[in-house]
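Chains as they are written, first to last, in the numbering used here: chain A, 82 to 333; chain B, 82 to 333.
Take a look at the structure set out below.
Below you can see the structure in the form of structure tokens.
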């Protein structure tokens with residue numbers, strides 16, 4: 082899911098991602114995008130030497146961002162090419178070729194399209210997604226939601242029924258970047274719900290069943306939870322909430 | 082020079098590049114581009130959180146590539162912004178603010194503009210550059226030329242007068258990628274002069290004074306010189322030619 086600027090380091094660090102069956106091989110069979118943001122798409126440039134066009138799953142909104150505002154998909158056409166697959170916003174879900182046994186479902190979420198998005202100032206459903214990833218045999222689901230500025234009814238239902246939630250852990254406090262003097266923007270201004278404060282992510286996670294695995298992802302480098310010796314890290318541990326780390330493996 | 086997709090790893094690995102004088106600080110004061118290729122510009126996305134607009138030096142050709150074909154400079158405008166500085170093709174040279182004591186001179190070279198360049202099928206002078214970097218006090222120069230499909234008279238003069246040449250080491254043989262079955266393109270088709278073969282880079286380097294430091298850069302992962310135990314590596318050693326490595330420091 083998504084193509085991080087760190088994708089080359091991820092491929093190097095994870096032998097499962099490079100089975101080496103052929104020259105220039107990788108285990109990546111498709112790319113599913115939750116939006117058209119830089120941090121989710123810059124890795125596409127590093128994947129340009131693929132021997133076949135990449136199947137890239139995205140909504141029409143993200144496709145517009147990535148062909149108009151920041152046309153990385155247009156650039157890829159000069160290299161490996163793009164086999165674009167549309168993510169529809171109806172509730173039927175989709176299957177990704179090469180990923181058997183898994184059903185995907187897209188939930189439009191309240192967040193923010195990329196700054197260069199044609200929709201930046203008037204967001205529409207589909208600018209940002211959460212993904213429900215379901216094991217078709219067991220019916221167990223994981224919810225992946227790196228950007229969430231609010232937990233709406235549909236997202237909340239998906240969180241409640243998931244065996245594992247991987248949710249927006251960008252900021253600890255809404256004014257974190259302002260207090261550090263590096264930005265004039267609040268978490269909510271750029272599409273993220275902070276962990277603390279009234280209605281913050283911790284309150285939502287506390288209301289989930291205790292059996293639900295709760296993992297914060299997409300953590301900004303200003304967030305004190307990255308310091309494992311911080312009081313904030315200790316508070317997460319008390320609440321049974323984990324912080325994602327590179328190479329983490331999740332078994333449901 | 083240039084902004085590699087590996088720029089974040091470069092910043093992490095080199096303490097000199099992160100003096101840490103302030104939050105989000107780096108020692109990078111400007112970016113000088115030799116062309117508008119993906120491998121020289123993708124790092125710009127990772128530098129987007131700069132607290133000030135980046136001074137970006139490039140020719141009009143590269144500027145067109147990076148605002149039309151692959152508008153990374155347009156994308157940066159939504160983040161830190163760009164303070165574009167024009168590299169002219171006259172021979173007067175330029176100074177980069179924040180890099181005292183150094184004079185830069187741009188040499189147009191025969192290579193290839195990016196695939197998405199408006200000039201791809203009819204290259205013009207300025208699509209690709211070599212850079213002559215001169216210590217104003219000692220007069221010593223280094224020549225930096227990551228893409229060279231031919232050594233013309235002007236480049237040859239710059240090579241002869243340089244204390245150190247850092248030149249296109251992309252391919253060992255012209256048909257290297259064809260023989261590996263990963264591309265139908267020869268080195269010359271994508272703007273690179275192979276090391277071997279008649280008129281190859283090794284012949285040029287052999288004709289330089291023995292005191293000249295000779296370093297191959299921009300080495301493709303198909304090039305056998307990356308294997309330090311290869312016969313090709315041994316041949317370079319015999320000829321007094323070095324292979325660049327990450328973190329290499331060059332004193333003239």
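Don't be surprised by glycine CBs; every beta carbon is placed ideally from N, CA and C.
Q) Using the beta-carbon of each residue, which ones in chain A are nearer than 8 Å to residue 104(B)? A) Residues of chain A passing the Cβ test: 261, 262, 263.
Q: Kindly indicate which three-state DSSP category residue 183(B) falls into: helix, strand or coil?
A: In the structure shown, the three-state DSSP call for residue 183(B) is strand.
Q | When 305(B), 227(B), 286(B) are compared against residue 237(B), the one with the closest alpha-carbon | A | Comparing Cα-Cα distances from residue 237(B) to each of 305(B), 227(B), 286(B), the minimum goes to 286(B).
Q. Considering only residues of the same chain and omitting the five flanking positions on each side of residue 113(B), which have a CB-CB separation below 6 Å?
A. For residue 113(B), where only same-chain residues beyond five positions count, the Cβ hits under 6 Å are 82, 138.
Q. Start and end of the beta strand (DSSP E) containing residue 76(B)?
A. With chain B represented from 82 up to 333, any question about residue 76(B) goes unanswered, as that position is not in the structure.
Q: Return the first residue and the last residue of the beta strand (DSSP E) that residue 138(B) is part of.
A: Counting along the chain, the beta strand (DSSP E) containing residue 138(B) begins and ends at 135 to 139.
**Q.** CA nearest to the CA of residue 223(A), picked from 295(A), 145(A), 129(A), 312(A)
**A.** Selection 295(A), 145(A), 129(A), 312(A) evaluated against residue 223(A) yields 295(A) as nearest (Cα-Cα).
Q. In terms of alpha-carbon separation, which member of 211(A), 246(A), 104(A), 89(A) lies closest to residue 332(A)?
A. Nearest C-alpha to residue 332(A) among 211(A), 246(A), 104(A), 89(A): 246(A).
Q: Indicate whether at least one CB of chain A lies closer than 9 Å to the CB of residue 222(B).
A: No, no contact with chain A.
Q: Note down, one range per segment and in chain order, each alpha helix (DSSP H) of at least 4 residues found wholly within the segment 253 to 310 of chain A.
A: Qualifying alpha helix (DSSP H) stretches, in chain order: 257 to 260, 282 to 287.
Q | Span separating the alpha-carbon of residue 170(B) from that of residue 85(B) | A | Spanning the two alpha carbons is a distance of roughly 24 Å.
Q) Closer than 8 Å, Cβ to any Cβ of chain A: which residues of the segment 265 to 293 of chain B, in chain order? A) Residues: none.
(Q) Quick check on residue 132(A) - is its C-beta less than 9 Å from some C-beta in chain B? (A) Closer than 9 Å: yes.
Q: Measuring alpha carbon to alpha carbon, tell me which of 254(B), 157(B), 109(B) ends up nearest residue 278(B).
A: If we check each option's Cα against that of residue 278(B), 254(B) comes out closest.
(Q) What does the alpha-carbon distance come out to for the pair residue 149(B) and residue 152(A)? (A) Their Cα atoms are separated by approximately 10 Å.
Q) How long is the line joining the alpha carbons of residue 263(B) and residue 105(A), rounded to whole angstroms? A) One Cα belongs to residue 263(B), the other to residue 105(A), and the distance between them is close to 8 Å.
Q.
Going residue by residue through the segment 189 to 244 of chain A, where are the continuous alpha helix (DSSP H) segments of at least 4 residues, counting only ones entirely within it?
A. Correct list: 234 to 242.
Q: Tell me whether residue 165(A) sits in a helix, a strand or coil according to DSSP, three-state version.
A: Residue state, collapsed to three classes: strand.
Q: Could you check how far apart the C-beta atoms of residue 304(B) and residue 251(B) are, in whole angstroms? I think they sit under 8 Å.
A: Going by Cβ atoms, the distance from residue 304(B) to residue 251(B) rounds to 7 Å, so yes, they are a contact pair.
**Q.** residue 300(A) versus residue 216(A): straight-line alpha-carbon distance, rounded
**A.** So the alpha carbons of these two residues sit roughly 26 Å apart.
**Q.** Buried/exposed call for residue 227(A), threshold 16 Cβ in 10 Å
**A.** The residue is buried, with at least 16 neighbouring Cβ atoms inside 10 Å.
Q | Rounded separation between residue 194(A) and residue 200(A) - CA only | A | One Cα belongs to residue 194(A), the other to residue 200(A), and the distance between them is close to 7 Å.
Q. What is the rounded straight-line gap between the Cα of residue 288(A) and the Cα of residue 327(A)?
A. Going from the Cα of residue 288(A) to the Cα of residue 327(A) covers about 27 Å.
Q: Answer yes if the segment 86 to 99 of chain B comes into contact with the segment 314 to 326 of chain A, meaning at least three C-beta pairs across the two stretches below 8 Å, and no otherwise.
A: Between the segment 314 to 326 of chain A and the segment 86 to 99 of chain B there are fewer than three C-beta pairs closer than 8 Å, too few to call the two in contact.
Q: Taking only the alpha-carbon atoms, compute the straight-line gap between residue 272(B) and residue 180(A) and give it to the nearest angstrom.
A: Counting only the Cα atoms, residue 180(A) lies some 39 Å from residue 272(B).
Q. Which bits of chain A does residue 156(B) rub up against, with CB to CB less than 8 Å?
A. Here the neighbours are 119, 150, 151, 197.
Q: Using a Cβ cut-off of 9 Å, pull out every chain A residue sitting near residue 144(B), in sequence order please.
A: Neighbours of residue 144(B) on chain A: none; closest Cβ ~16 Å, over 9 Å.
Q: Kindly say whether residue 87(A), judged by its beta-carbon, lies nearer than 9 Å to any beta-carbon of chain B.
A: Contact with chain B is found for residue 87(A), since one of that chain's Cβ atoms lies less than 9 Å from the residue's Cβ.
Q. At a Cβ threshold of 9 Å, is residue 129(A) touching chain B?
A. Using a Cβ-Cβ cut-off of 9 Å, residue 129(A) counts as an interface residue toward chain B, since at least one Cβ of chain B sits closer than that to its own.
Q. Counting only beta-carbon atoms, is residue 160(B) nearer than 9 Å to chain A?
A. For residue 160(B), the answer is yes, since a Cβ of chain A falls inside 9 Å of its Cβ.
Q. Closer than 9 Å, CB to CB, is residue 84(B) near chain A or not?
A. The Cβ of residue 84(B) sits no closer than 9 Å to any Cβ of chain A.
Q. Any Cβ of chain A within less than 9 Å of the Cβ of residue 225(B)?
A. For residue 225(B), the nearest beta carbon of chain A is not closer than 9 Å to its own beta carbon.
Q.
Contact defined as beta carbons within less than 8 Å: I believe residue 174(B) pairs with residue 184(B). What is the distance between those atoms, to the nearest angstrom?
A. Their Cβ separation, rounded to whole angstroms, is 5 Å, which keeps residue 174(B) and residue 184(B) in contact under 8 Å.
Q: Using the DSSP secondary-structure output, state which residues sit across from residue 323(B) in a beta bridge.
A: DSSP lists 296(B) as partners of residue 323(B).
Q) Is the beta carbon of residue 143(B) sitting closer than 9 Å to the one on residue 220(B)? A) Result no, Cβ atoms of residue 143(B) and residue 220(B) do not sit closer than 9 Å.
Q) Between which two residues does the alpha helix (DSSP H) carrying residue 127(B) extend? A) Its alpha helix (DSSP H) spans residues 124 to 127.
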